[in-house]
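To start, the structure under review is shown below, and the notes come after it.
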Amino acid sequence: DQGAYYFDHYQGPEWEEPKAIGGHTSLEQVYEYEPVPKDYTPEERAQVLGGQGELWSEYFPNFHQVMYMAYPRSMALAERLWTPEEGIVGFADFSQRLRTRVKDLDQLGIQYRHLSEDPQHD
Numbered sequence: 075d076q077g078a079y080y081f082d083h084y085q086g087p088e089w090e091e092p093k094a095i096g097g098h099t100s101l102e103q104v105y106e107y108e109p110v111p112k113d114y115t116p117e118e119r120a121q122v123l124g125g126q127g128e129l130w131s132e133y134f135p136n137f138h139q140v141m142y143m144a145y146p147r148s149m150a151l152a153e154r155l156w157t158p159e160e161g162i163v164g165f166a167d168f169s170q171r172l173r174t175r176v177k178d179l180d181q182l183g184i185q186y187r188h189l190s191e192d193p194q195h196d
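First residue of the sequence shown? That's 75 in this note's numbering, and the numbers climb one at a time after it.
Below you can see the structure in the form of structure tokens.
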């Protein structure tokens, strides 16, 4: 389901999140979604040139909320699209490394959905 790449969906429980279009797409769902279907032949896989996340902003009153909706899910998408399949270890590994990377977002003043205390629940 390509819905895993719609970043205008809620990231957590609707009552805890800013207004969004609806639906739910967690950080883990983005990371775990296989960008190229396993049943593609090698020839079909070679035709896939990239991927993208969708973020429709009609429900977002300002750019801070757009950033909040994009990060850190866009970081999960980037890793999945840019890392060779054999380099993907799993969400737990990504989540641990992400805890360091969000410090970069803090330094840049980027609004983002903060990670939970338990990496298994991000």
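Here a beta-carbon is modelled for each residue, glycine too, at the ideal position from N, C-alpha and C.
Every value quoted in this text rests on a predicted model; they were computed, and no experiment measured them.
Annotation for Trp156: the continuous alpha helix (DSSP H) segment containing it runs Arg147 to Trp156. Inter-segment contact for the region 82–95 and the region 156–176 is absent: fewer than three beta-carbon pairs are separated by less than 8 Å. As a beta-bridge residue in DSSP terms, Glu128 pairs with Tyr80.
For Val140, the uninterrupted alpha helix (DSSP H) run begins and ends at Phe137 to Ala144, by DSSP.
Contact annotation: Gly125 and Pro109 have beta-carbon atoms nearer than 8 Å. Tyr105 is the residue among Gly97, Tyr105 and Leu179 whose C-alpha sits nearest the C-alpha of Phe168. Val176: member of the alpha helix (DSSP H) spanning Phe165 to Leu182, first to last residue. Taking C-beta separations shorter than 6 Å and ignoring five residues to either side along the sequence, the partners of Trp130 in its chain run Asp82, following chain order. By the 16-neighbour rule on beta-carbons within 10 angstroms, Arg173 is exposed.
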